[in-house]
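**Q** Please read through the structure below; I'll follow up with questions.
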Amino acid sequence: MSKTSIWLSSLGDRLKHIPDIDIDTPQEAVDQYARGCALLLLGGLMMPDSSRCSISLLYLGFLENVTRAGTYSWGSAVLTDLYRELYTASHADKNTIAGALSLLQIWAWSRIVAVQPINIGTILVAGKLFGAEGRELGLPPYRARFVSL
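For the sequence shown, the numbering used here begins at 8 and goes up steadily by one.
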């Protein structure tokens, strides 16, 4: 951990030990808990670094006013971060990638037939896909090439 980041595990442990929030909880404590949860989501899921172990404290400035943070275009920020990471990862000397890779994976599954996951409950026999009822389902041509390797 550096002076500009915090460990995911440390933040998670800290959030686990916060007492339950109820109607009598001071607003400042509620806001601090909300900032911690948002920071965990931002740095751990939406815009993680390449180590996937630490969260940049850069995002805290955007979470200072919890009410205003809800008006920011976080989706645009996530896409911008992912595009920047994809560009950086395309350099020959780079061997890691960061960013919302789960978003990239879902995008790929929806557009590239060859990388789509096979449904659970199906059986693959000799390069042919069969459903749970034993009926042959057939594979898209590109998918069949990869599965039979």
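Just so it is clear, CB atoms sit at the ideal spot from N, CA and C, and this is done for glycine as well.
Computed from a predicted model, the values in this text were never measured in an experiment.
To test your reading of the DSSP string, which unbroken alpha helix (DSSP H) runs of 4 or more residues are found completely within the stretch 33-86?
**A** Runs found: 34-48, 73-76.
**Q** Does Gly-141 pass the burial test, meaning 16 or more other C-beta atoms within 10 Å, or should it be called exposed?
**A** Exposed.
**Q** Put Glu-143 into one of helix, strand or coil per three-state DSSP.
**A** Looking at Glu-143 - three-state DSSP - the assignment turns out to be strand.
**Q** Say whether the stretch 36-43 touches the stretch 80-91, bearing in mind that this needs 3 or more beta-carbon pairs closer than 8 angstroms, one atom from each stretch.
**A** Flag = no, the stretch 36-43 and the stretch 80-91 do not touch.
**Q** Between which two residues does the beta strand (DSSP E) containing Ser-12 stretch?
**A** Taken as a continuous stretch (DSSP letters only), the beta strand (DSSP E) holding Ser-12 covers 12-14.
**Q** Rank Lys-101, Ala-45, Gly-51, Met-54 by C-alpha distance to the C-alpha of Arg-75 and give the top, closest one.
**A** Minimum Cα distance to Arg-75 is reached at Ala-45.
**Q** Measuring alpha carbon to alpha carbon, tell me which of Gly-106, Ser-117, Ala-121 ends up nearest Leu-48.
**A** If we check each option's Cα against that of Leu-48, Gly-106 comes out closest.
**Q** If contacts are defined as beta-carbon pairs under 8 angstroms, then Ser-61 and Ser-109 qualify, I think. What distance do you get, rounded to the angstrom?
**A** That pair is no contact at about 18 angstroms.
**Q** Under the rule that 16 or more other beta-carbon atoms within 10 Å means buried, what is Leu-65, buried or exposed?
**A** Looking at its Cβ environment, which holds fewer than 16 other Cβ atoms inside 10 Å, Leu-65 is exposed.
**Q** Keeping to the same chain, check which residues put their C-beta closer than 6 angstroms to that of Gly-96; ignore five residues upstream and five downstream.
**A** Checking the displayed sequence, the identity of residue 96 turns out to be Ala instead of Gly. Counting only Cβ-Cβ distances below 6 angstroms, and skipping sequence neighbours, we find Ile-104.
**Q** For a test of the three-state rule: what should DSSP assign to Gln-1, helix, strand or coil?
**A** Because the chain here runs from 8 to 156, residue 1 falls outside it and cannot be looked at.
**Q** What's the C-alpha gap between Pro-26 and Thr-32?
**A** Roughly 9 angstroms separates the two Cα atoms.
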